[in-house]
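Chemist: Take the sequence shown: its letter number 91 is residue 91 in UniProt numbering, and every next letter is one higher.
Heads up, the beta-carbon is just placed ideally off N, CA and C, and yes, glycines get one too.
My structure is below; once you've seen it, I'll send some questions.
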Amino acid sequence: MTNDLDTSASGRPSPPAADEAGDPVPQKDWRAKLRGSRTGTIAVLAVTALLVTVGAYLVRPGSDPAAGPQGGVEAVQLTGGTGPAPALEQSAPDFTVRSTKGAEISLASLRGRPVWLTFGASWCSACRVEAPDIQAAHAAADPDGLAVVAVYLSEDTLTVQQFADRLGLTFAHVPDPQTALAANYRVMGIPAHFFIDRQGVLRATHVGIVSEEKIEQVLTQIQ
Numbered sequence: 001m002t003n004d005l006d007t008s009a010s011g012r013p014s015p016p017a018a019d020e021a022g023d024p025v026p027q028k029d030w031r032a033k034l035r036g037s038r039t040g041t042i043a044v045l046a047v048t049a050l051l052v053t054v055g056a057y058l059v060r061p062g063s064d065p066a067a068g069p070q071g072g073v074e075a076v077q078l079t080g081g082t083g084p085a086p087a088l089e090q091s092a093p094d095f096t097v098r099s100t101k102g103a104e105i106s107l108a109s110l111r112g113r114p115v116w117l118t119f120g121a122s123w124c125s126a127c128r129v130e131a132p133d134i135q136a137a138h139a140a141a142d143p144d145g146l147a148v149v150a151v152y153l154s155e156d157t158l159t160v161q162q163f164a165d166r167l168g169l170t171f172a173h174v175p176d177p178q179t180a181l182a183a184n185y186r187v188m189g190i191p192a193h194f195f196i197d198r199q200g201v202l203r204a205t206h207v208g209i210v211s212e213e214k215i216e217q218v219l220t221q222i223q
């Protein structure tokens with residue numbers, strides 16, 4: 001009967017192979033083999049990229065450190081911001097956009113009203129979850145009171161309006177097909193919320209699903 005191990009005449013396993021000088025030939029362990037392989041290199045690069053992405057999100061400028069993610073957050077990729085990043089207790093970056101109904105909306109034109117600027121997308125499940133609470137806050141506000149402006153990343157007018165109609169949302173909806181406004185506000189994940197007071201000052205931000213309690217808190221803050 002044969003054995004998978006080479007044996008000497010005495011029946012004992014043969015010693016490790018040696019080079020010409022008589023020194024044992026070093027045997028690579030699995031870690032060394034992995035490090036030297038193409039698969040190992042790809043795995044290391046993938047893990048590094050993931051850590052860099054998470055780190056970039058955690059140090060996102062202009063966010064409220066106390067307002068961490070509450071619920072699902074979808075990561076988004078932008079083309080880069082223009083102008084200074086939004087900062088709490090500073091004037092929010094101005095913008096001029098056009099809604100799905102054709103109305104021109106600018107932050108300057110909303111001066112004197114509290115503004116809830118929210119970023120999302122029709123494919124974002126967390127955005128759909130919180131939509132009824134946003135609609136309820138909009139419906140409860142005076143006609144000249146709270147202005148809710150929902151911005152949809154990388155989507156066109158028809159897609160956005162169909163989404164709003166399907167969910168029965170009656171506040172302003174703005175397509176952002178080139179993510180220009182999202183980049184200006186340094187949005188790294190959706191849903192993302194920016195709460196601006198009547199003087200145009202950014203008072204609070206929130207990333208993730210916004211709860212009813214959070215809505216009540218921040219809307220009181222920006223009145």
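Would F194 pass as a contact of T205 if the rule is Cβ separation under 9 Å?
Modeler: Taking the sequence shown and counting its residues from 1, the one referred to as residue 194 is at position 194. Taking the sequence shown and counting its residues from 1, the one referred to as residue 205 is at position 205. Cβ distance < 9 Å, so F194 and T205 count as in contact.
Chemist: Leaving aside the five residues before and after Q161 along the sequence, list all residues of the same chain whose C-beta is less than 6 Å from its C-beta, in chain order.
Modeler: Within the sequence shown, residue 161 is the residue found at index 161, counting from 1. If we look at Q161 and ignore the five residues flanking it on each side, its Cβ neighbours are T100.
Chemist: Taking its Cβ as the centre, do 16 or more other Cβ atoms sit within 10 Å of V59, making it buried, or is it exposed?
Modeler: Here residue 59 is taken as the residue at index 59 of the sequence shown, counted from 1. The predicted model places V59 with a pLDDT of 32, which falls under 50 and marks its position as unreliable, so this point remains unresolved.
Chemist: DSSP three-state label for S211, please.
Modeler: Within the sequence shown, the letter at position 211 stands for residue 211. The answer is coil: DSSP assigns S211 none of H, G, I, E or B.
Chemist: Would you decide whether P191 is buried or exposed? Buried here means 16 or more other CB atoms lie within 10 Å of its CB.
Modeler: Residue mapping note: residue 191 aligns to position 191 of the sequence shown, counting from 1. Buried, because 16 or more other Cβ atoms sit within 10 Å of the Cβ of P191.
Chemist: Of the choices G112, E104, A92, whose alpha-carbon is the least far from that of R198?
Modeler: Looking up residue 198 in the sequence shown gives position 198. Among G112, E104, A92, the Cα nearest to that of R198 belongs to G112.
Chemist: Going by DSSP, name the residue or residues bridged to D156.
Modeler: Looking up residue 156 in the sequence shown gives position 156. DSSP, once it has assigned bridges, lists no residue as partnering D156.
Chemist: Considering Cα atoms alone, identify which of N184, W116, A131, L158 is closest to D94.
Modeler: For the purposes of this step, residue 94 is identified with residue 94 of the sequence shown, where counting begins at 1. Closest by alpha carbon: N184.
Chemist: For C127 versus A121, is the C-beta distance shorter than 9 Å?
Modeler: As a working mapping, residue 127 is identified with position 127 in the sequence shown. As a working mapping, residue 121 is identified with position 121 in the sequence shown. Result yes, Cβ atoms of C127 and A121 sit closer than 9 Å.
Chemist: Comparing alpha-carbon positions, which option in A140, E104, R186 lies nearest G83?
Modeler: Numbered from 1 along the sequence shown, position 83 holds the residue referred to as residue 83. Among A140, E104, R186, the Cα nearest to that of G83 belongs to R186.
Chemist: Taking only the alpha-carbon atoms, compute the straight-line gap between A139 and A85 and give it to the nearest angstrom.
Modeler: Within the sequence shown, residue 139 is the residue found at index 139, counting from 1. Within the sequence shown, residue 85 is the residue found at index 85, counting from 1. Those two C-alpha atoms are separated by around 31 Å.
Chemist: Just to confirm, are I134 and I215 a CB contact at a threshold of 9 Å?
Modeler: The residue labelled residue 134 in the question sits at position 134 within the sequence shown. The residue labelled residue 215 in the question sits at position 215 within the sequence shown. Yes, these two residues count as a Cβ contact at 9 Å.
Chemist: For the alpha helix (DSSP H) holding S106, just list the boundary residues, first then last.
Modeler: Within the sequence shown, residue 106 is the residue found at index 106, counting from 1. Not the alpha helix (DSSP H): S106 falls in the beta strand (DSSP E), residues 104-106.
Chemist: Is it the case that the Cβ atoms of V97 and V148 are separated by a distance below 9 Å?
Modeler: Here residue 97 is taken as the residue at index 97 of the sequence shown, counted from 1. Here residue 148 is taken as the residue at index 148 of the sequence shown, counted from 1. No.
Chemist: So is P114 buried or exposed if we call it buried at 16+ other beta carbons inside 10 Å?
Modeler: Taking the first residue of the sequence shown as position 1, residue 114 is located at position 114. Buried is the call here.
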